[in-house]
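One structure is given here, and the rest of the page talks about it.
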Amino acid sequence: MEHPIGSLMDTTMEKIKEMIDVNTIIGEPITSPDGTLIIPVSKVSYGFAAGGSDLPTKKENKDCFGGGSGAGVTIQPVAFLTVYQGDVRLVSVDREEGTADKLVNMIPDVLKKVKGVFKKDKSESADDFSEITQDDIDG
1 MEHPIGSLMD TTMEKIKEMI DVNTIIGEPI TSPDGTLIIP VSKVSYGFAA GGSDLPTKKE
61 NKDCFGGGSG AGVTIQPVAF LTVYQGDVRL VSVDREEGTA DKLVNMIPDV LKKVKGVFKK
121 DKSESADDFS EITQDDIDG
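full-length UniProt numbering numbers the first residue of the sequence shown as 1 and each following residue consecutively.
If you want it as structure tokens, here you go:
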């Protein structure tokens with residue numbers, strides 16, 4: 001026979017699973033009137049606890065079980081992916097852009113400039129990156 005605490009834990013975990021799925025972390029895409037696709041990205045944290053006690057009773061082979069369980073869930077928006085006319089941007093909810101965000105946002109511009117270098121007249125060196133400035137690298 002399964003211990004009653006197992007049932008409490010199973011019920012708690014099932015309820016958490018019902019609340020959290022992939023659409024909670026990567027939200028449903030939203031299309032704005034200008035055609036921009038906006039995809040919310042969230043951070044989900046959760047925890048649960050369960051406990052109980054078996055108390056003896058006056059009747060033989062009978063235990064009195066008392067127990068409980070609880071859970072907490074936090075959903076925090078962290079960024080939005082935006083797609084507009086083929087350009088993909090990661091817009092952080094934080095005011096300061098992190099290094100990873102800067103790198104992701106730089107990729108389309110750097111690729112355009114690298115393509116431009118290779119499209120130049122063959123008489124010019126393919127290693128000429130003079131169009132890429134320090135501002136492009138710093139973001």
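We treat Cβ as the ideally placed atom computed from N, Cα and C, and that holds for glycine.
{"Query": "In whole angstroms, what separates the C-alpha of residue 7 from that of residue 51?", "Result": "11 angstroms"}
{"Query": "Residues in its own chain within less than 7 angstroms of residue 26 by CB, not counting five upstream and five downstream?", "Result": "39, 41"}
{"Query": "What number of angstroms, rounded off, separates the C-alpha of residue 34 from the C-alpha of residue 28?", "Result": "18 angstroms"}
{"Query": "What number of angstroms, rounded off, separates the C-alpha of residue 53 from the C-alpha of residue 71?", "Result": "19 angstroms"}
{"Query": "Report the residue ranges of all beta strand (DSSP E) runs contained in full by the segment 74-107; include only those spanning at least 3 residues, in chain order.", "Result": "87-92"}
{"Query": "Between residue 67 and the rest of its own chain, which residues show a CB-CB distance below 8 angstroms, the 5 nearest in sequence each way excluded?", "Result": "4, 5, 8, 50, 51, 52, 53"}
{"Query": "In the DSSP assignment, what are the bridge partners of residue 37?", "Result": "31, 83"}
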